[in-house]
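In my numbering, the protein residues as written are 4 to 455.
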Ligand code: SF4
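Here it is in structure tokens:
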């Protein structure tokens, strides 16, 4: 039934030129780029097939807990630098680029960047408020772009979460413009305590389908940055509920649901640890991922460094050490689970604080270990055969966790404790997050425990 409904949507609701672009540029060429990544990995070379590029820091909204320096002087990656970046990445076989911000539609040369590379596929992470009918039409003419528009709650919660008024209405207007222009449109949500009940439900997914939205993505809010809001974090139980919901909806609703943190068997992974993606910030600094705001390499050439993009990625000792640490420590998020170990890697390589605010190291030092997407004993395998097969070949840990025992280092094995990290409980003395586990997702060092 799922197959018929999904096939019907794809056949009757999409524009065939745009569908072809998606299938060819992302499906076929994207698959080849992942296979090329796997071949490179065998030689010990890591060049991510999926680069996420924050092309601008500015944004019209002021979201709670945002880690981007949206209020600082505007910084962009300009057309020339983007063309160079994309051209060099294409030489390594890449065709997919995630365009992030700030708000990408505030970039004055966004359309020129997209136009210059009809052989690539772009996913734009946006709040949708700048997507007018005319811009949606331009995106349609290009054909190689999908907007992924973030909705962060109902009318009231959206304004609260995003620091401006009428956010929900303006964002829905942007979605409508995309759908009216027949774009392949996605809607995403960063799930947190204040929006999970409103948006992680069948009614919302049905509404998206009715509207004509083709895919959705439920991220999990991560407390990072200068104004991190740990009180918004999902509890481990809520995180597992989100995973269960995604797996269930994938098996029955005719809408694609994206996720970045689980393989087909439901085992957690970090896409920076397996090297499938890394991030470039608006200053051109190469970072392991958007929340690890430390860097030793830049996409921009300098007097001391005129290497190719490929060499910068593959020769970076900092990135290599980051991946090794993440692989050895946990299948979840090293930043959330072991910020202290990440700090050691940053200091070992004297990686520069890549933020405009210059306080990333202090922020890292003030973090407390908490659980992330890794819930050993609670793996929920995909029920939808298509996802299971696709992930088996194209999205999994690619063997990077093989041979690593995480029971002494991953947060689920010691956040039950009172914070004695010298002697974290072993797997034998810990329930490992079993069925009746009520573990807190935070542990404060020095023996004070705090539960969200
Ligand atoms: S380090 Fe954490 S936030 Fe970054 S990609 Fe890995 S799991 Fe995601």
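We treat Cβ as the ideally placed atom computed from N, Cα and C, and that holds for glycine.
Look at residue 70 here: in three-state DSSP terms it is coil, with no helix or strand label. Using a cutoff of 7 Å, the CB of residue 273 counts as near the ligand SF4, since one of the ligand's heavy atoms is closer than that. At least one heavy atom of the ligand SF4 falls within 7 Å of the beta-carbon of residue 294. Residue 370 holds the alpha-carbon nearest to the alpha-carbon of residue 232 among 370, 170, 357 and 320. Taking 8 Å as the cut-off, the Cβ atoms of residue 38 and residue 146 do not count as close. At a Cβ-Cβ threshold of 8 Å, residue 59 and residue 291 do not count as neighbours.
Residue 329 has its Cβ nearer than 7 Å to a heavy atom of the ligand SF4. Restricting attention to 108, 112 and 121, the CA atom closest to the CA of residue 90 is found in 121. Straight across, the Cα-Cα distance linking residue 287 with residue 317 is about 17 Å.
With 16 or more other CB atoms across the displayed protein chains lying within 10 angstroms of its CB, residue 110 is buried. In summary, residue 31 is exposed, with fewer than 16 beta-carbon neighbours lying within 10 Å of its beta-carbon over all protein chains present. An exposed status is given to residue 405, since fewer than 16 other beta-carbon atoms sit within 10 Å of its beta-carbon.
Per DSSP, the continuous alpha helix (DSSP H) segment holding residue 40 begins and ends at 32-45. Per DSSP, residue 396 lies in no beta strand (DSSP E) segment; the continuous alpha helix (DSSP H) that holds it begins and ends at 388-397. Distance from the C-beta of residue 336 to the nearest heavy atom of the ligand SF4 is below 7 Å. In the structure shown, residue 288 adopts extended strand secondary structure according to DSSP, grouped into three states. Where residue 283 is concerned, the enclosing beta strand (DSSP E) starts and stops at 280-283. Judged by DSSP in its simplified three-state form, residue 271 adopts strand.
Following the DSSP letters along the chain, one finds residue 171 inside the alpha helix (DSSP H) bounded by residues 170-183.
Annotation: the continuous alpha helix (DSSP H) that includes residue 239 extends over 239-255. Counting of Cβ neighbours within 10 angstroms places residue 320 among the exposed residues, the total staying below 16.
Fully contained in the segment 295-370 are the following alpha helix (DSSP H) runs of length 4 or more, in chain order: 312-318, 320-332, 337-340, 342-351 and 363-368.
Per DSSP, the unbroken alpha helix (DSSP H) holding residue 207 starts and ends at 205-214. Cβ-Cβ distances below 8 Å link residue 186 to 21, 139, 142, 143, 148, 149 and 150 in the same chain, with the five nearest sequence neighbours on each side left out; the list follows chain order.
In this structure, the straight-line span from the alpha carbon of residue 11 to that of residue 101 is close to 28 Å.
DSSP places residue 5 within a helical segment (H, G or I) once states are collapsed to three. A distance criterion of 7 Å places the beta-carbon of residue 225 in contact range of the ligand SF4, judged by its closest non-hydrogen atom. Cβ-Cβ separation between residue 297 and residue 357: approximately 6 Å, consistent with a contact (criterion under 8 Å). The C-beta separation of residue 244 from residue 381 comes to about 11 Å, leaving the pair out of contact by the 8 Å criterion. Counting of Cβ neighbours within 10 angstroms places residue 305 among the exposed residues, the total staying below 16.
At a cut-off of 4 residues, the continuous stretches assigned as alpha helix (DSSP H) that sit fully inside the segment 62-134 are 82-94 and 113-118. Not one heavy atom of the ligand SF4 is found less than 7 Å from the C-beta of residue 413. Excluding five sequence positions before and after residue 387, the CB atoms of its chain that fall closer than 6 Å to its own CB belong to 253 and 254, given in chain order. A straight-line Cα-Cα distance of about 27 Å links residue 392 and residue 207.
A distance criterion of 7 Å places the beta-carbon of residue 231 beyond contact range of the ligand SF4, judged by its closest non-hydrogen atom. With respect to the 8 Å criterion, residue 79 and residue 132 are not classified as neighbours on the basis of their beta carbons.
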